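Some notes on the structure that comes next.
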Amino acid sequence: MPTSADAVRLRQVAFAWAGKTTFRMAVEDFSVARGERVLLLGESGAGKSTLLSLICGIVIPRSGSIRVDGTELTALSGGARDRFRAERIGVIFQMFNLLPYATPLDNILLPLTFAPKRRAQLGDDPAKEALRLTTMLGLPEDLVSRAAASDLSVGQQQRVAAARALLGAPPIIVADEPTSSLDASAQEAFLEILFAQTAAAGVSLLMVSHDQRLAHRFDRQVELGSVATVTREQWA
Amino acid sequence: MILLRLAFRSLLSRYVTVGLTIFAVALSTALFLGVEKVRTGARASFADTISSTDLIMGARSGGVQLLLYSVFRIGNATNNVSWDTFQEIAARPEVAWAVPLSLGDSHRGFRVLGTTVDYFQRYKYRGGRALAFAEGSQFSDLYDTVLGADVAERLGYRLGDHIVVAHGLASFSEHADKPFTVVGVLEKTGTPVDRTVFVSLEAIEAIHVDWQGGAQRPGASASQQDVRAMDLTPTAITAALIGVKSRIQVFALQRAINEFAKEPLLAVLPGVALQELWEIVGVAETALIGVSAIVVVTALLGMATMIFSSLNERRREMAILRAVGASPLAVVGLLMLESVLITALAVVIGIGMLYAALWIARPLVDRAFGLYLPLTPPTAREACVLLAIVVLGAIVSLFPAARAYRLSLADGMTVRI
Chain A
3 MPTSADAVRL RQVAFAWAGK TTFRMAVEDF SVARGERVLL LGESGAGKST LLSLICGIVI
63 PRSGSIRVDG TELTALSGGA RDRFRAERIG VIFQMFNLLP YATPLDNILL PLTFAPKRRA
123 QLGDDPAKEA LRLTTMLGLP EDLVSRAAAS DLSVGQQQRV AAARALLGAP PIIVADEPTS
183 SLDASAQEAF LEILFAQTAA AGVSLLMVSH DQRLAHRFDR QVELGSVATV TREQWA
Chain B
1082 MILLRLAFRS LLSRYVTVGL TIFAVALSTA LFLGVEKVRT GARASFADTI SSTDLIMGAR
1142 SGGVQLLLYS VFRIGNATNN VSWDTFQEIA ARPEVAWAVP LSLGDSHRGF RVLGTTVDYF
1202 QRYKYRGGRA LAFAEGSQFS DLYDTVLGAD VAERLGYRLG DHIVVAHGLA SFSEHADKPF
1262 TVVGVLEKTG TPVDRTVFVS LEAIEAIHVD WQGGAQRPGA SASQQDVRAM DLTPTAITAA
1322 LIGVKSRIQV FALQRAINEF AKEPLLAVLP GVALQELWEI VGVAETALIG VSAIVVVTAL
1382 LGMATMIFSS LNERRREMAI LRAVGASPLA VVGLLMLESV LITALAVVIG IGMLYAALWI
1442 ARPLVDRAFG LYLPLTPPTA REACVLLAIV VLGAIVSLFP AARAYRLSLA DGMTVRI
């Protein structure tokens, strides 16, 4: 089956959001293959967050098809899409990834609350797997299980967010400029670890950035402008 | 229960605002329960004041007024009952016993009650408990007096002390020439008995022998010894407590007294009069409950405001929750869980505050108002009230939760500010 070879596939998607301005986005055809690492390049305002929201099932298009890991998102109810996201997608933001008052460990385990299957897959002690991941990511165990997330440096927070996205090896990880708040050396280290972990688990990675220098590390780079057409209509 | 832990840690991270909110709700809970405790305590203490008396008889006035002056020593009789009439009623076949009461004098703010020694046997309180003597015994001599527990304690009187009775209730004219000797002190009862000075009916007559119109007749001072020789049969009494031989005769006797031809009389059943009194007091009672309920609602609205104002700065949190797979409803649930935690914690603290306050205030209230507030665990009714406060907290939090729901739907994973 051709579709099951893709981790993500959007076809003839038309999305509109009406606020002060009406925002429209059309995606003719966009796909990420299983295990593929794709860098999506685009300036802010090009529709990055809308595309990610569509793939994550936060919003649904007016028409078209969005298949993620073989499931048609547009056919699911809101609650089912939320559950789907919890089970199959790991998300990393640019910053503010963590609940500041909770421990990093609780932050990492948080998606499991909404994803019973992902939790079951991790066996009796998901915390052990979480700590294994954070150790791989170079975070001391004490810091992960005791401190409040707000006490961590930005770089540490990003690594905790990566551990959360990787926990239970969901088929797809979506990252929205995860390295832009890090300095150059930390960027390299972060990507190194992220790639090593996604490769080990055969996870697809869709990363959005405006930084072209990262491109050489990805299987493929795509200009957002060539995939999505964005129009804005101001009310007269 | 990671969500419960998250909600708890989220509250902990905002400990100043959350702490103040909890304190406000706790205080209002304590107030509400306190009003409830005082109300039921007052009601019980009121209802416990008199028992085993079938009828109270006095000159015709109002039932509540009669109850107030004869039992609670509040207010005054408008008229007296003649001794002949009392004798006639007391002699009726239905009547098992009748205790005359004569009021009107006072001793340093405490009322003086002229009665017979039967009073100490017949007067019952708190479900049939009889009066008991802490010291000494009932009066036997004309110039003997028995004191209620509060009188003895407050004024520091001991057996053998001499006291002087004042004419009227707030008067400087004293029956100084005829002092009384304390021969007995009663045990504490928690009723107006504690605040009463008891003398014999004849003594009341004796101290007024040479008085006319509220003042001693000039130059007509009758000595203590002269008075002993006189006929001290009273001419009138203020009221009487009556017991019947058979309870079914109460209404017949009541009617007979109310229709007594020679003198306008009134007889009331103490229970019925107490009930009437509560209907009057009930208005204030309801107002008090209403006000304290509004205080609770105000505190809960304060909590809703606190949650409301925190929503904007917490939009990122909500976006994170959405990103990891929480539905908008789960975000709402987390917010409501927080407010339920706040109210539940506040209610528990409120109960603690109330019992601490009761424990401290109890002896003071007992001494000042003769109101005994028992330290009992919350009743089923109070437990319902506490539960209602928590439920109300959840309901009030629906308003900010609804806003959080809309924000969360609009924001998704990315916060648009």
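Those sequence lines, one after another, are chains A and B. Just so you know, the first sequence maps onto residues 3 to 238 in this note's numbering. Just so you know, the second sequence maps onto residues 1082 to 1498 in this note's numbering. Cβ atoms here follow ideal geometry from the backbone N, Cα and C, with glycine treated the same way. Note that this is a predicted model, so its numbers are computed, not measured.
Tell me whether residue i sits in a helix, a strand or coil according to DSSP, three-state version.
{"i": "B/Pro1181", "result": "strand"}
{"i": "B/Gly1241", "result": "coil"}
{"i": "B/Thr1277", "result": "strand"}
{"i": "A/Thr233", "result": "strand"}
{"i": "B/Phe1127", "result": "helix"}
{"i": "B/Met1494", "result": "coil"}
{"i": "B/Met1434", "result": "helix"}
{"i": "B/Leu1228", "result": "strand"}
{"i": "B/Phe1201", "result": "helix"}
{"i": "A/Met97", "result": "coil"}
{"i": "A/Ile1", "result": "Here chain A covers residues 3 to 238 and nothing more, so residue 1 of chain A does not appear."}
{"i": "B/Tyr1206", "result": "strand"}
{"i": "B/Val1097", "result": "helix"}
{"i": "B/Thr1262", "result": "strand"}
{"i": "A/Thr5", "result": "Residue confidence is low: A/Thr5 scores 45 on pLDDT, short of 50, so the model does not pin down where it sits. Its coordinate-derived value is still stated next. The answer is helix: DSSP assigns A/Thr5 an H, G or I state."}
{"i": "A/Ala150", "result": "coil"}
{"i": "A/Leu207", "result": "strand"}
{"i": "A/Phe32", "result": "strand"}
Can you give me the Cβ contacts of residue i inside the same chain, cut-off strictly under 8 Å, excluding the 5 residues immediately before and after it?
{"i": "B/Ala1438", "result": "Ala1111 and Gly1115"}
{"i": "B/Val1471", "result": "Val1421, Thr1424, Ala1425 and Val1428"}
{"i": "A/Leu124", "result": "Leu114, Glu131, Leu169 and Gly170"}
{"i": "B/Gly1122", "result": "Leu1452, Tyr1453, Leu1454 and Pro1455"}
{"i": "B/Leu1479", "result": "Met1417"}
{"i": "B/Tyr1238", "result": "Leu1228, Val1232, Ile1244, Val1263 and Val1266"}
So who's on the other strand from residue i, going by DSSP bridges?
{"i": "A/Gln223", "result": "A/Leu41"}
{"i": "A/Arg26", "result": "A/Ala18 and A/Thr233"}
{"i": "A/Ser65", "result": "A/Ala16"}
{"i": "B/Glu1255", "result": "B/Ala1247"}
{"i": "B/Ala1348", "result": "B/Met1138"}
{"i": "B/Ile1318", "result": "B/Val1162"}
{"i": "B/Gly1195", "result": "B/Ser1183 and B/Val1280"}
Shortest alpha-carbon distance to residue i belongs to which of the options?
{"i": "A/Glu225", "options": "A/Leu168, A/Ser46, A/Val15 and A/Arg148", "result": "A/Ser46"}
{"i": "B/Asp1242", "options": "B/Val1232, B/Ser1304 and B/Thr1262", "result": "B/Thr1262"}
{"i": "B/Leu1346", "options": "B/Ala1233, B/Ala1158, B/Phe1104 and B/Ser1187", "result": "B/Ala1158"}
{"i": "B/Gln1445", "options": "B/Ile1370, B/Gly1271, B/Tyr1486 and B/Leu1467", "result": "The sequence as given places Leu at residue 1445 of chain B; Gln does not occur at that position. Measuring from the Cα of B/Leu1445, the nearest candidate turns out to be B/Gly1271."}
{"i": "B/Leu1322", "options": "B/Ala1128, B/Ala1171 and B/Tyr1453", "result": "B/Ala1171"}
{"i": "B/Ala1380", "options": "B/Leu1101, B/Tyr1096 and B/Ala1088", "result": "B/Leu1101"}
{"i": "A/Ser152", "options": "B/Leu1479, B/Gly1431, B/Ala1485 and B/Arg1090", "result": "B/Arg1090"}
{"i": "A/Leu100", "options": "A/Gln214, A/Ile91, A/Ile62 and A/Pro113", "result": "A/Pro113"}
{"i": "A/Asp108", "options": "B/Arg1336, B/Glu1340 and B/Leu1087", "result": "B/Leu1087"}
{"i": "B/Gly1143", "options": "B/Asn1393, B/Gln1202, B/Tyr1096 and B/Leu1350", "result": "B/Leu1350"}
{"i": "B/Gln1335", "options": "B/Asp1135, B/Leu1488, B/Leu1085 and B/Leu1093", "result": "B/Asp1135"}
{"i": "B/Arg1124", "options": "B/Glu1357, B/Cys1465 and B/Pro1174", "result": "B/Glu1357"}
{"i": "A/Gln160", "options": "A/Arg64, A/Gly21, A/Pro102 and A/Arg90", "result": "A/Pro102"}
{"i": "A/Ala165", "options": "A/Pro173, A/Gly66, A/Leu133 and A/Asp185", "result": "A/Leu133"}
{"i": "B/Val1227", "options": "B/Met1387, B/Val1266 and B/Ala1442", "result": "B/Val1266"}
{"i": "B/Ile1432", "options": "B/Pro1459, B/Phe1389 and B/Thr1314", "result": "B/Pro1459"}
{"i": "B/Arg1207", "options": "B/Tyr1224, B/Thr1130 and B/Asn1160", "result": "B/Thr1130"}
{"i": "A/Val40", "options": "A/Asp8, A/Arg69, A/Ala150 and A/Ala16", "result": "A/Asp8"}
{"i": "B/Ala1337", "options": "B/Arg1484, B/Val1378 and B/Glu1169", "result": "B/Glu1169"}
{"i": "B/Ser1281", "options": "B/Val1099, B/Thr1166, B/Asp1186 and B/Gly1371", "result": "B/Asp1186"}
{"i": "A/Arg13", "options": "A/Asp84, A/Val70, A/Arg219 and A/Arg215", "result": "A/Val70"}
Skipping 5 residues on each side, what residues in its chain have a beta carbon closer than 6 Å to that of residue i?
{"i": "A/Phe25", "result": "Trp19 and Arg234"}
{"i": "B/Leu1467", "result": "Val1428"}
{"i": "A/Ala88", "result": "Pro113, Phe116 and Ala117"}
{"i": "A/Ile195", "result": "Leu139"}
{"i": "B/Ile1498", "result": "At B/Ile1498 the pLDDT is 45, less than 50, meaning the model places this residue with poor confidence and gives no usable figure here."}
{"i": "B/Phe1389", "result": "Pro1481"}
Who are the near neighbours of residue i in its chain, counting only those whose CB is closer than 7 Å to its CB and skipping five residues on each side?
{"i": "B/Ala1177", "result": "Gly1324, Val1325 and Lys1326"}
{"i": "B/Ser1373", "result": "Leu1112, Phe1113 and Val1116"}
{"i": "A/Pro4", "result": "Unreliable positioning characterises A/Pro4 in this predicted model, as indicated by a pLDDT of 43, which lies under 50. The coordinate reading is nonetheless provided below. Nothing meets the Cβ criterion."}
{"i": "B/Asn1393", "result": "none"}
{"i": "A/Ala201", "result": "none"}
{"i": "B/Arg1203", "result": "Trp1178, Val1180, Leu1322 and Gly1324"}
{"i": "B/Ala1482", "result": "Val1413, Leu1416 and Met1417"}
{"i": "A/Glu179", "result": "Gln96, Val210 and Ser211"}
{"i": "B/Lys1343", "result": "Thr1166"}
Under 7 Å from any heavy atom of the ligand SAH, does the C-beta of residue i make it?
{"i": "A/Thr115", "result": "For the ligand SAH, the structure offers nothing, since it holds no ligand at all."}
- Please go through the segment 1357 to 1408 of chain B and give each complete alpha helix (DSSP H) segment of 4 or more residues, from N-terminal end onward. As far as the segment 1357 to 1408 of chain B is concerned, its whole alpha helix (DSSP H) runs of at least 4 residues are 1396 to 1404.
- Kindly provide the ranges of any alpha helix (DSSP H) runs that are 4 or more residues long and lie completely inside the segment 1139 to 1169 of chain B, ordered along the chain. Counting whole runs of 4 or more residues, the segment 1139 to 1169 of chain B contains the alpha helix (DSSP H) stretches 1144 to 1151.
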